[in-house]
Structures are given as C-alpha cells and as structure tokens.
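Numbering (the numbering used here), first residue to last: 9 to 137.
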C-alpha cells in the first residue's frame, strides 16, 4: 500500500508534464472516486494559468491502523516540501515553496485485482509531524 501512496504522489507531481489526453488514465491508475475528477479540474486550471509543479517531495510515511485484510486503509505521511512548489511555466518564476514538515493522511481502497488506489488526501492542518 505504501508503494501505491508514493506512486500517487509521483503521478500528481508530474501530471502536467503529460499530454492532457493522458491525465485521466494516469490518475485512474493511482486514484479513484471523486478524487480523480477533483485532480483533473485542478490540473486543467493550473494548465490554463500556465502553472506547474517543480522539485520533489521527501516522503516519511507512517502507518494508521493495521490493514488486516481490509479493503480500505489509511497512511500518514510527514512530507518535506521544502524543495517542491509551483512555478509559472512561461517565466520560470517560483510562485510557492513548500515547508519541511507537512502532515498528510491518505485513504486508499484495494481493488479486486489487489492494487491500491488513493481515495482521499487530507492535509492535517495544525498537527505536528
């Protein structure tokens, strides 16, 4: 499940580098439910505004309750975003720079084929990690 979480972030971080017609299939491989349509809308808005992501996130996953055969599981991640942010593509101007310790929680569902996909991503505002 941890690999699926990390793959989700890789696709998220690089989505706008793909041709627009490939966005949905890329997201469908790592996410499911309303999260896919939300991310597609965000990507379309960023593309229209000429904004993309730069850099890499450093992940420090930690576990929620044990999976124990369940089809839904949660994972926490204390992400280092200090080398990650957004920039204006035309000018290369950085618009945002992340923080070194950002606490996220992910909810993942296991599909019939055994693969895990992210259903929900929560930013745990005000929590330390």
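Where is the CB? At the ideal position from N, CA and C, for every residue including glycine. Since we're looking at a predicted model, the values are computed, not measured.
Taking residue 110 as the centre and dropping the five residues before and after it, the same chain places the C-beta of 87 and 89 closer than 6 Å to its C-beta, in chain order. Taking a cut-off of 8 Å on C-beta distances, the stretch 122 to 132 touches the stretch 21 to 39, as three or more cross pairs fall below it. Residue 43 and residue 99 have their C-alpha atoms some 30 Å from each other. Listed in chain order, the non-local C-beta contacts of residue 22 below 8 Å within the same chain comprise 61, local neighbours out to five positions each way being set aside.
Residue 18: member of the alpha helix (DSSP H) spanning 10 to 22, first to last residue. One alpha carbon belongs to residue 57, the other to residue 76, and they sit about 44 Å apart. Just measuring C-alpha positions, the residue of 121, 17 and 113 sitting nearest residue 133 is 113. A Cβ-Cβ separation of about 10 Å leaves residue 73 out of contact with residue 83 under the 8 Å criterion. Here residue 103 has 59, 93, 94, 95 and 96 as same chain residues with Cβ atoms under 8 Å from its own Cβ, once five neighbours each way along the sequence are excluded. Distances from the alpha-carbon of residue 81 to those of 24, 27, 46 and 117 put 117 closest.
In the three-state DSSP reduction, residue 97 falls in the coil class, being neither helix nor strand.
In the structure shown, the three-state DSSP call for residue 116 is strand. The alpha-carbon separation between residue 108 and residue 67 amounts to approximately 10 Å.
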